[in-house]
Amino acid sequence: MVVSFKENQKVDSIWPLSILALVLVGNWWLYFKMGYQDISFFFITLATISLLCLFLLVLRLQTVIDDEGIHYKMFPFHFKWQTIAWHDIQNLEIRTYRPLKEFGGWGLRFGQSGKAYTISGKTGLQLQLKNGRKVLFGTQKADVMKSYLQEMGKL
C-alpha cells in the first residue's frame with residue numbers, strides 16, 4: 018500500500034503571464050508612442066504588473082493525503098501546513114467542477130460551492146465537512162488520488 022498521496026501544483030501555463038505582458042505593452046504604447054504626459058501612472062502600472070507576475074510565479078498548492086487526513090498548503094496564503102482530519106469529513110468525492118461559474122476562477126476562492134483551492138483544471142476532491150462547510154482541492158492527478166483513496170477505503 019502507498020503510504021501517502023502527494024501533489025505539488027504551480028502555475029505552469031504561459032497564458033496568465035502573456036496577458037500581463039500584453040497589458041504592459043499596451044501601457045508602453047500609450048505612454049511612449051501616443052505621448053501621454055503623466056509617466057508616474059506608467060511606473061505604478063509596471064510595478065503592479067511585476068508584483069502580479071511574481072505572485073503567479075510563487076503560487077503553489079501542495080496536497081498530501083495520508084492516514085491522518087488531508088494536509089494542504091497554498092503558498093503564499095499559508096506558510097504552515099493546514100490539516101483536515103478524517104474524523105471531520107462527512108463525505109468526499111472526486112468530481113468535475115466549473116471554476117468560473119462555481120468559484121469565480123482559480124486560486125483560493127470562495128463561492129456558492131464552498132471554499133476552493135485550485136491552480137488549474139476542472140477536477141478536484143470535494144469535501145463535505147461535518148460542520149456543514151464544503152472544501153474543494155483541485156488536482157491534476159485525479160486518477161492517482163482516486164486509486165489511493167479507494168485503497169484507504171475512503172471512497
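Residue numbering for the sequence shown follows our numbering, starting at 18 and increasing by one per position.
Ideal Cβ positions, reconstructed from N, Cα and C, are used throughout, including at glycine.
{"Item": "By the DSSP assignment, the beta strand (DSSP E) with residue 146 in it spans what residues?", "Value": "140 to 146"}
{"Item": "Give the straight-line distance between the Cα atoms of residue 105 and residue 88, rounded to the nearest whole angstrom.", "Value": "13 Å"}
{"Item": "Counting only the same chain and skipping the five closest in sequence on each side, list residues whose C-beta sits under 6 Å from that of residue 166.", "Value": "172"}
{"Item": "Report yes if the C-beta distance between residue 71 and residue 33 is below 8 Å; otherwise report no.", "Value": "no"}
{"Item": "Relative to the ligand SAH, is the shortest distance from any of its heavy atoms to the C-beta of residue 136 smaller than 7 Å?", "Value": "No copy of the ligand SAH occurs in the structure displayed, which carries no ligand at all."}
{"Item": "When DSSP builds the beta bridges, which residues end up paired with residue 151?", "Value": "145"}
{"Item": "So the alpha helix (DSSP H) residue 167 belongs to, where does it begin and stop?", "Value": "159 to 169"}
{"Item": "Should residue 38 go down as buried or exposed, given a rule of 16 or more other Cβ atoms within 10 Å for buried?", "Value": "exposed"}
{"Item": "In angstroms, rounded to a whole number, what distance separates the CA positions of residue 48 and residue 31?", "Value": "26 Å"}
{"Item": "If you draw a straight line from the alpha carbon of residue 82 to that of residue 117, how long is it in whole angstroms?", "Value": "26 Å"}
{"Item": "Identify whether residue 121 lies in helix, strand or coil by the three-state DSSP scheme.", "Value": "coil"}
{"Item": "Which residue marks the beginning of the alpha helix (DSSP H) containing residue 52, and which one marks its end?", "Value": "It is not in any alpha helix (DSSP H) - residue 52 carries neither H nor E in the DSSP assignment."}
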